[in-house]
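Novice: Positions in the sequence shown are counted from 1; adding 29 to them yields this note's numbering.
My questions all concern the structure below.
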Amino acid sequence: MAETQIQQSDAGSSYDAVIVGAGFAGLYMLHRLKRQGLQARIFEAGSGVGGTWFWNRYPGARCDIPSVEYSYQFSDELQQEWEWSEKYATQAEILKYANHVAERFDLFGDIQFNTKVEQSAYDDEQRLWRVTLSNAEQVTAQYVIMATGCLSVPNFPKIKGLEDFSGNVYHTGLWPHEGVDLTGKRVGVIGTGSSAIQSIPIIADQAQSVTVFQRTPNYSVPARNAPLDPEFVADIKSRYQEYRAQNWQRGFGADFRDSERSALEVSEAEREAEYEERWAKGGLAFLAAFADLPFDDAANATARDFIAAKIADAVDDPELAKKLTPDTPVGCKRLCVDTNYYQTFNRDDVTLVDLREHPLQAVTATSVKTASAEYEVDCLILATGFDAMTGAVTQVDIRGSGGQSLQDKWQEGPRAYLGLATAGFPNLFLITGPGSPSVLSNMLPSIEQHVEWVSDCIAYLNGHQFAAIEAQADAEDAWVEHVNETAELSIYPNCNSWYLGANVEGKKRVFMPYLGVPPYVEKCREVVANNYEGFSLVQLSPH
Ligand code: FAD
Ligand code: N01
């Protein structure tokens, strides 16, 4: 069993495990390791817990997986006692929940806020990680766990003249904590992904005018958000474990009421009825209306046509409706969930600028210029997303065995075994890393599955006198190939999404998440059952 006391030396504090990040992944990781009697510490760049929900405070921010599912399941007491107020909780409520969890499980004392992990280097001789923090402190740990988030590094596109803009520039992913009063302002919004789609209707209610700069239109399904019905909640709580267990059997790990039928095997009337029913209920379950929507272009085209007709119904001006209608498969870019997004464009004070027709040229001190017009704005909102899945990991200068740099290793795209570990980097774990279902699933259960896998692995290593675990290169290669082959069978590689890194200039185009929660979880179980198949385990030896 590893040491439970913090060792203080000239080289700084020493821990069994350093956890990077205090979002839902880091919090649960800390709880598990503490329960195992290990000395673990979280270093968090922000000044509070919650990760995504600490940073993304833009108007309208809320989850789009129902809260009764987008919540931890590791503690039945917690899931019984916590009361969500709406179908989709607001950012503020989710942040309150994260704080409640940290308080309830006594985690705050082991979290160091306002501290960024800048470097982490493996000492092959001592078999420990030397971790350098933003306050120049250095600490050591046997294990490092990157709970750094898939969507935590804001993407700032290189837009000519942006630095000359005289008004305020906000990024949705770094929204000021004190809020922003947009009353009477002419607001420019760049981007039309989930963050923009959630916030634009609310911004439009407040601002004098909104100009939306759209490069690619997105599909969005109505949220139909509402206060939670106490009877529904009581029913779920009476069978929470069974409900969660059922969801583990579903493709996205969420209760999307997965269909096993093909969109092409039913009559047109049946298909329309199915889409109508899901549209009326709202939410991402639309995507599971037919089993082949993510895999078959012709099947997917039926969903495209359905949503296109809904956009045409919602938007008064047919030309505008056309501009707002995507020409990509539904779900290829992450499906959005909204409240009155398309309808907002019927307002006289909301303008859509189609950047594909009129490319963005520059930002000036007071305006945004396209190839054909200039739009005066008082402030600019960048709803331009994130350097997804790899950004937060490669932002840290990680050096593995023999000084190998992770940034170099991942230059041609991330390579990880099961999205949990990467060859050449012993005792380094990734939570929801590339090659795991992560962003193609309900992320909270996926986080819990990873945290439990990693903490069980650490318990096994400590219990069996192993000093280190490392992914084998051939197992990693085979897994990366499998992830790609699975993606190739689907519609996902067919558009420029952040799943492929296509939103970040210069980023290698590689499909990063793994498609399919049940087979993934099964594979993780098999690996353990076969004595950590695909990993090398190094026995403790006197140095
Ligand atoms: P995060 O919450 O991103 O936390 C990572 C933390 O690590 C951050 O606090 C960051 O500051 C810290 N960090 C990163 N690098 C360092 C470093 N070098 N040093 C110190 N600290 C560091 N998923 C769903 O399944 N359903 C949803 O409805 C949903 N809604 C979302 C809405 C928004 C607006 C966004 C952006 C994402 C949403 N997601 C959703 C995905 C969401 O990111 C995950 O569900 C989940 O919150 C991720 O938790 P995490 O702990 O893995 O990462
Ligand atoms: O980011 P995005 P997001 N010039 O990358 C545009 C989760 N989330 O923050 O598509 C002009 O989706 C870019 O255009 P294009 C969810 O997983 C969930 O909205 O690259 N435009 C795109 O329109 C989500 O998928 C919720 O052509 C530029 C937009 O910016 C993920 O987080 C809410 C540009 C970015 O969209 C990211 O969502 C919010 C440029 N140079 C987030 N660069 C829920 O509802 C980029 N764009 C739960």
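A virtual CB, placed ideally from N, CA and C, is assigned to each residue, including glycine.
Remember, it's a predicted structure, so these values are computed and weren't measured experimentally.
1) Alpha helix (DSSP H) containing Asp437: first to last residue?
2) Tell me the rounded alpha-carbon separation between Thr221 and Gln436.
3) With burial defined as no fewer than 16 other Cβ atoms inside 10 Å of the residue's Cβ, what is the status of Lys187: buried or exposed?
4) Under 6 Å Cβ to Cβ from Gln65, same chain only, skipping five residues before and after it: list those, please.
5) Nearest by alpha-carbon distance to Ser181: which of Glu154, Glu106, Glu73, Ala283 is it?
6) Here's a check: name, in chain order, each residue in its chain whose Cβ is nearer than 8 Å to the Cβ of Phe564, leaving out the five neighbours to either side.
7) Helix, strand or coil: which one does DSSP assign to Lys552?
8) I'd like to check one pair, Gly464 with Trp508: are the Cβ atoms closer than 8 Å?
9) Quick one: Cα of Glu289 to Cα of Gly311, how far?
10) Whole angstroms is fine: what's the gap from Pro323's alpha carbon to Arg307's?
11) Is it right to say Glu212 is buried, meaning 16 or more other beta carbons lie within 10 angstroms of its own, or is it exposed?
12) Heavy atom of the ligand FAD less than 7 Å from the Cβ of Gly545, yes or no?
13) Please check the pair Gly280 and Gly545, which I expect to be a contact at CB under 8 Å, by giving their CB distance rounded to whole angstroms.
14) Out of Pro256, Leu381, Asp325, Arg133, which has the shortest C-alpha to C-alpha gap to Val241?
15) Quick check on Cys486: does DSSP put it in helix, strand or coil?
16) Tell me whether Lys362 is buried or exposed, calling it buried when 16 or more other Cβ atoms sit within 10 Å of its Cβ.
17) Work out the CA separation of Leu59 and Phe137 for me, nearest whole Å.
18) Would you call Asp325 buried or exposed, if buried means 16 or more other Cβ atoms sit within 10 Å of its Cβ?
19) Note down, in chain order, each residue of its chain lying with its Cβ closer than 8 Å to the Cβ of Lys189, except the 5 sequence neighbours on either side.
20) Please name the residue or residues paired with Ile426 in a DSSP beta bridge.
21) Cα separation between Pro230 and Met175?
22) Report the partner residues of Cys524 according to the DSSP bridge assignment.
23) To which residues of the same chain is Gln108 closer than 8 Å at the C-beta, ignoring the five residues directly before and after it?
24) Would you report the Cα separation of Asp153 and Val173, rounded to the nearest angstrom?
25) So Gly55 is in the alpha helix (DSSP H); what residue range does that whole segment cover?
26) Spell out the partners DSSP gives His200 in its beta bridges.
27) With Phe53 and Ala127 assumed to form a contact (beta carbons below 8 Å), what rounded beta-carbon distance in angstroms separates them?
28) Beta-carbon within less than 7 Å of Tyr44's beta-carbon, same chain only, minus the 5 sequence neighbours each way: which residues are those?
29) If you draw a straight line from the alpha carbon of Ser38 to that of Gly429, how long is it in whole angstroms?
30) Measure the C-alpha to C-alpha separation of Gln235 and Ser228 and round it to an integer number of angstroms.
31) Note down the Cα distance separating Thr33 from Ile123, rounded to an integer number of angstroms.
32) I need the DSSP call for Leu349, collapsed to helix, strand or coil.
33) Report buried or exposed for Phe261, applying the criterion of at least 16 other Cβ atoms within 10 angstroms of its Cβ.
34) DSSP state of Tyr304, grouped into three classes?
35) Around the Cβ of Ala452, are there at least 16 other Cβ atoms within 10 angstroms (buried) or fewer (exposed)?
36) So Ala317 and Arg273 are in contact, right, with Cβ under 8 Å, and what is the actual spacing, rounded?
Specialist: Result, derived from the coordinates:
1) 435 to 438
2) 30 Å
3) exposed
4) Ala488
5) Glu73
6) Tyr446, Ala450, Ile498, Glu499, Ala500, Gln501, Ala504, Val556
7) helix
8) yes
9) 20 Å
10) 16 Å
11) What sits at residue 212 in the sequence shown is Thr, not Glu. Classification of Thr212: exposed, given that the 10 Å Cβ count is below 16.
12) no
13) 6 Å
14) Leu381
15) helix
16) buried
17) 10 Å
18) buried
19) Gln390, Ala391, Val392
20) A small correction: the amino acid at residue 426 is Asp; Ile does not occupy that position in the sequence shown. Its beta-bridge partners are Gln148.
21) 35 Å
22) According to DSSP, which records beta bridges pairwise, Cys524 is partnered with nothing at all.
23) Ser100, Tyr101, Gln102, Lys266, Tyr269
24) 14 Å
25) 53 to 64
26) Leu411
27) 7 Å
28) Ile35, Gln68, Ala69, Arg70, Val168, Ala170
29) Interpretation of Ser38 is limited by its pLDDT of 47, a score under 50 that renders its predicted location unreliable; the figure taken from the coordinates is listed afterwards. Looking at the two C-alpha atoms, the distance is approximately 23 Å.
30) 11 Å
31) Because the pLDDT at Thr33 is just 36, under 50, the model does not fix this residue reliably, and the point stays unresolved.
32) helix
33) exposed
34) helix
35) buried
36) About 18 Å; that fails the 8 Å criterion.
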